[in-house]
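Working notes for the structure below.
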């Protein structure tokens, strides 16, 4: 257990926000590892359910393929089940995405006497769309990668591709695929939904410790992001 984990007396729910394609999954997994948090991706949970051979899976697949949000009561039930599995601190990637889901987390954190910490990742919209169209995923280990590079002076991002070590651990990393819901129209729908909902969500979470971090160098920004988050997590519990 690292020093930072020892300092956190209360259970922490780290809410990781950012538009699709900003790098939530990549940053989230690194942060979860360094802080010894469980990493829970609502998107991964839902995609796993959508692949199941059941009426629930089929209906869920239809909703997700259209770019629409999943019913609040359904996703809250799924996340509630995951969060009840143990008492470890959790990094939530992709949740909450609506006012109802946000109220669910506020209520749950209060009931469990836990800390909510908010991390908002942002990116220039033009570059964001380029990154979205370059996203790839390994169906085996579910790691996310990106084929696009951006270098325009202010922003500098290299492609994020599987390393030899990644491939040695997971043969699926040799054959990355485009996510089923990363079509141009679905991407547009998801971005519109994200930005229309995020302002209301931010208002509800305005009293919680919050970091707004613009990603300009991709994964090379990780050390700066972590040091910024250290300051929040190192603060005394309320």
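Numbering (this note's numbering), first residue to last: 2 to 239.
Virtual Cβ for every residue (Gly too), placed ideally from N, Cα, C.
- Checking the DSSP bridge columns, you'll see residue 39 partnered with 91.
- If you ignore the 5 residues before and after residue 41, its C-beta comes within less than 8 Å of the C-beta of 80, 83, 84, 91, 92, 93, 94, 96, all in its own chain and listed in chain order.
- The beta carbon of residue 219 lies closer than 6 Å to those of 158 in the same chain, with the five residues before and after it left out.
- Looking at 229, 182, 183, 174, the one whose alpha-carbon comes closest to that of residue 211 is 229.
- When the Cα atoms are used, residue 16 and residue 197 turn out to be separated by approximately 18 Å.
- Distance from the CA atom of residue 67 to the CA atom of residue 20, rounded to whole angstroms, is 17 Å.
- About 19 Å separates the beta carbon of residue 47 from that of residue 23, a gap too long to meet the 8 Å contact definition.
- Here residue 217 is near residue 155, since their CB atoms are less than 8 Å apart.
- By the C-beta density criterion, residue 43 is buried, having at least 16 other C-beta atoms within 10 angstroms.
- Here residue 209 carries a coil assignment [DSSP, helix/strand/coil].
- Across the set 100, 178, 114, the C-alpha of 178 shows the shortest separation from the C-alpha of residue 143.
- The residue from 109, 110, 73, 114 with its alpha-carbon nearest to that of residue 102 is 73.
- By the C-beta criterion, the segment 201 to 209 is judged to be in contact with the segment 106 to 124, since at least 3 inter-stretch pairs fall below 8 Å.
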